Amino acid sequence: MMNKTTFCLSILASAMALSSFNTLAAEEDGINIHGAVRINYAYKDYSESSKDKGGDFTFDMASLRFDGKLGNWGLKSDYRFTSGTNYIKYGYAFYDLNPEWQLQMGINQVPFGNRDYISNSYWFGLPYYLGFEDDYDIGVKATFERNGWHTDMAFYKGAEYGPTENKRYAADLYTGTINGTEYNNEETNQINLRQTYTVEHQGGTTTIGASLEAGQIYNAKTGNNGDRYAVAAHLNTVFDGWNIQLQAMQYEFNAADAVDDNKIAVSVVSWQYEVASKGQIYNLNIAKTIATDWGSIKFYNDFGLMTPDVEDETYDNSMQNVLGAALSAGPTYTHIDFIMGKNMTFSTANNDHVGLPEVGNDWDKRINISMAYYF
508 MMNKTTFCLS ILASAMALSS FNTLAAEEDG INIHGAVRIN YAYKDYSESS
558 KDKGGDFTFD MASLRFDGKL GNWGLKSDYR FTSGTNYIKY GYAFYDLNPE
608 WQLQMGINQV PFGNRDYISN SYWFGLPYYL GFEDDYDIGV KATFERNGWH
658 TDMAFYKGAE YGPTENKRYA ADLYTGTING TEYNNEETNQ INLRQTYTVE
708 HQGGTTTIGA SLEAGQIYNA KTGNNGDRYA VAAHLNTVFD GWNIQLQAMQ
758 YEFNAADAVD DNKIAVSVVS WQYEVASKGQ IYNLNIAKTI ATDWGSIKFY
808 NDFGLMTPDV EDETYDNSMQ NVLGAALSAG PTYTHIDFIM GKNMTFSTAN
858 NDHVGLPEVG NDWDKRINIS MAYYF
C-alpha cells in the first residue's frame with residue numbers, strides 16, 4: 508500500500524499531466540477538476556451515548572474528481588478522503604466509438620438494477636448493503652443508447668480492492684473472520700447485462716428494465732471456485748415532480764467449501780458483516796420534488812425488504828425505511844433522513860447483519876443529516 512508521501516506525489520503528478528492534457532486539447536475538450544466536502548450529523552435512538560450527547564457532528568468526506576475529454580477519448584475519476592481512510596470510488600478511461608456507443612475501461616459503475624440508484628436518500632437502498640446498488644469494480648463496459656433504448660454489457664475481473672480490505676465505497680465479498688466464522692471468498696470473472704427502455708409521456712418519463720449479474724467466487728484457501736448470480740426487474744417513473752421507483756431482485760452466493768452455506772461476508776466503508784447467502788430484495792420508493800426560489804426540495808420515502816431463502820429456517824427478514832428530504836441550493840446539497848431498521852446492519856443496535864437470525868424484535872431508529880458543498 509502506498510504511503511502518504513507517495514500518494515500526494517502521485518496526485519501532484521496526475522494534476523500536472525492533466526494540465527498538459529488540457530493544454531493540448533481543443534476548445535471543446537479539456538479537464539474539469541472538481542469535488543465535494545461533506546459533514547454529517549448522526550443521532551442514534553438506540554445508543555445511550557448518542558442520546559446523552561445529543562448526537563454527533565463529524566467530518567464525513569472530501570472528494571476530488573477529474574473529468575477529461577480529448578477528441579473521442581476521456582477519463583473520469585473520484586477519489587475520497589475520510590477521517591479514517593481514503594479510497595477510490597471510480598476511475599476509468601472511456602472511448603466514444605460513435606454517438607451511440609461508449610467503451611469504458613477501469614473501475615466503473617456496475618450496471619445492475621435501476622439505473623444509477625434504487626434510493627433517494629443519503630442512506631442508499633437495501634441492495635447497496637449486499638453490493639447491488641452503485642457498486643464499482645475493475646473491468647470493461649460497453650454502453651449503447653438510441654431512441655429510448657439503453658444497453659449495458661460488462662465484464663469485471665474483480666473488485667476495486669482485494670478481498671481482505673474493508674475500505675471501499677460499495678460492498679464486495681470479504682475474506683476474514685466475523686463472529687467466529689472464517690471466510691475466504693473473492694469475487695472474480697463477473698458479467699453484467701442490463702437493458703432499459705425509456706418512454707416519454709406528458710409530465711415526465713417512465714423507464715422499465717431488467718438486469719443480470721453472474722460470476723465466480725474464488726476460495727483462496729482451497730483454490731476452488733463457487734458461483735453467484737443476481738437478476739432484477741425495475742421501473743422508474745417521473746410525473747409532474749413525482750417519482751416512483753420499483754424493483755424486485757433475486758440473488759444467490761454459492762461459495763465453494765463454505766463453513767456455513769447459509770451466510771457469506773461482505774465489507775464496505777471500513778466495516779465487515781454477514782448477509783444471507785440467498786434471498787430476494789424488494790424496493791418501493793416514492794418522492795416529490797418542489798421547485799423553490801432558492802433551489803429545490805425533494806421529499807421521499809424509501810422502503811426495502813430482504814427475505815432470506817436459505818436452508819436455516821431461523822433466518823429472518825431485514826427491513827429498512829428512510830423518510831427524508833433533500834434540499835438543493837446553489838453548490839450545496841443536504842439530506843435529512845429518519846432511518847428505521849429491523850434486523851438490518853448500520854441501523855439497528857444488535858443486528859449487524861442482513862437476513863440472519865434477528866436479535867430482539869424491534870424497529871430501531873436514527874436520524875442522519877448530511878450536508879455537502881460541491882465545487
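Numbering (my numbering), first residue to last: 508 to 882. Glycine included, every Cβ here is placed at the ideal spot set by N, Cα and C. This one's a predicted model, so the numbers in the text were calculated from it and none came from an experiment.
Residue range of the unbroken beta strand (DSSP E) whose run includes residue 576: Counted from its first residue, the sequence shown places residue 576 at position 69. Its beta strand (DSSP E) spans residues 563 to 577.
Going straight from the alpha carbon of residue 637 to that of residue 549, what length do you get? Counting from 1 along the sequence shown, the entry for residue 637 is found at position 130. Counting from 1 along the sequence shown, the entry for residue 549 is found at position 42. The alpha-carbon atoms of residue 637 and residue 549 are separated by roughly 23 angstroms.
Taking the CB atoms as reference points, tell me whether residue 583 and residue 597 lie closer together than 8 angstroms. Looking up residue 583 in the sequence shown gives position 76. Looking up residue 597 in the sequence shown gives position 90. Closer than 8 angstroms, so yes.
Just to confirm the assignment, what range does the alpha helix (DSSP H) spanning residue 560 have? Position 53 of the sequence shown, counted from the start, is the residue given in the question as residue 560. That run of the alpha helix (DSSP H) goes 555 to 560.
Going along the chain, which residues of its own chain have a beta-carbon closer than 6 angstroms to the beta-carbon of residue 701, five neighbours each way excluded? If you number the sequence shown from 1, residue 701 lands on position 194. Hits under 6 angstroms: 618, 659 and 718.
Buried or exposed: which applies to residue 573, given that a residue is buried once 16 or more other Cβ atoms fall within 10 Å of its Cβ? On the sequence shown, residue 573 is found 66 positions in, with the first residue counted as 1. Answer is buried; the Cβ neighbour count reaches 16.
According to DSSP, what are the bridge partners of residue 592? Numbered from its first residue, the sequence shown carries residue 592 at position 85. None, per the DSSP bridge assignment.
If the criterion is Cβ atoms closer than 8 angstroms, does the pair residue 827 and residue 854 meet it? The sequence position of residue 827 within the sequence shown is 320, counting from 1. The sequence position of residue 854 within the sequence shown is 347, counting from 1. Yes; because the gap between Cβ atoms is below 8 angstroms, this pair is in contact.
Under 8 angstroms by Cβ, that's how I've got residue 810 and residue 790 pegged, so tell me the actual separation to the nearest angstrom. Reading the sequence shown from its first residue, position 303 is the one you call residue 810. Reading the sequence shown from its first residue, position 283 is the one you call residue 790. The Cβ separation is near 7 angstroms, so the contact holds.
Suppose you measure from the CA of residue 529 to the CA of residue 579; what does that come to, to the nearest Å? As a first step, residue 529 must be located in the sequence shown, where it is residue number 22. As a first step, residue 579 must be located in the sequence shown, where it is residue number 72. Note that residue 529 scores a pLDDT of 39, beneath 50, so its modelled location is shaky; the value from the coordinates is reported in the next line. Between residue 529 and residue 579, the C-alpha separation is close to 14 angstroms.
Suppose the cutoff is 6 angstroms on Cβ atoms and the five residues either side in sequence are ignored; what does the same chain contact list for residue 742 look like? Locating residue 742 in the sequence shown gives position 235, counting from the first residue. Excluding positions up to five away in sequence, the list reads 715 and 753.
Meets three-Cβ-pair contact criterion under 8 angstroms: the segment 598 to 608 and the segment 625 to 640: no
6 angstroms Cβ shell around residue 774 - same chain, five flanking residues per side excluded: Position 267 of the sequence shown, counted from the start, is the residue given in the question as residue 774. Here the set comprises 673 and 681.
Taking 8 angstroms as the limit between beta carbons, can you name the residues of its chain near residue 645, skipping five residues before and five after? Position 138 of the sequence shown holds residue 645. If we look at residue 645 and ignore the five residues flanking it on each side, its Cβ neighbours are 613, 614, 663, 664, 665, 666 and 667.
Given residue 739 as reference, the closest of 620, 760, 877 and 698 once Cα atoms are compared: For the purposes of this step, residue 739 is identified with residue 232 of the sequence shown, where counting begins at 1. Nearest C-alpha to residue 739: 620.
By a C-beta neighbour count over all protein chains shown, 10 Å radius and 16 as the cutoff for buried, is residue 792 buried or exposed? By 1-based counting over the sequence shown, the position of residue 792 is 285. Buried is the call here.
So, using beta-carbon positions, are residue 822 and residue 685 closer together than 8 angstroms? To locate residue 822, count along the sequence shown from 1; it is residue 315. To locate residue 685, count along the sequence shown from 1; it is residue 178. In this structure, residue 685 does not lie closer than 8 angstroms to residue 822 by Cβ.
Buried versus exposed call for residue 606 [16 or more other C-beta atoms within 10 Å across all chains shown]: If you number the sequence shown from 1, residue 606 lands on position 99. It counts as exposed.
Are the CB atoms of residue 860 and residue 782 nearer to each other than 8 angstroms? In the sequence shown, residue 860 corresponds to position 353, counting from 1. In the sequence shown, residue 782 corresponds to position 275, counting from 1. Yes.
Would you say residue 892 and residue 795 are within 8 angstroms of each other, going by their C-beta atoms? Not covered by the structure: residue 892. The range shown for the chain is 508 to 882.
Between residue 623 and residue 877, which are expected to be in contact by the criterion C-beta below 8 angstroms, what is the C-beta distance as a whole number of angstroms? Working through the sequence shown from its first residue, we reach residue 623 at position 116. Working through the sequence shown from its first residue, we reach residue 877 at position 370. That belief does not hold up - the Cβ atoms of residue 623 and residue 877 are roughly 18 angstroms apart, past 8 angstroms.
With 16 other CB atoms within 10 Å as the buried threshold, where does residue 766 fall? The residue labelled residue 766 in the question sits at position 259 within the sequence shown. Exposed, since its Cβ has fewer than 16 Cβ neighbours within 10 Å.
Report, in whole angstroms, the separation of the C-beta atoms of residue 704 and residue 655, which I expect to be a contact under 8 angstroms. Here the question's residue 704 lines up with position 197 in the sequence shown. Here the question's residue 655 lines up with position 148 in the sequence shown. At roughly 5 angstroms, the Cβ-Cβ gap stays under 8 angstroms, so residue 704 and residue 655 are in contact.
Drop a sphere of 10 angstroms on the beta-carbon of residue 697, count the other beta-carbons inside from all chains shown, and report buried for 16 or more, exposed for fewer. Taking the first residue of the sequence shown as position 1, residue 697 is located at position 190. Result: buried.
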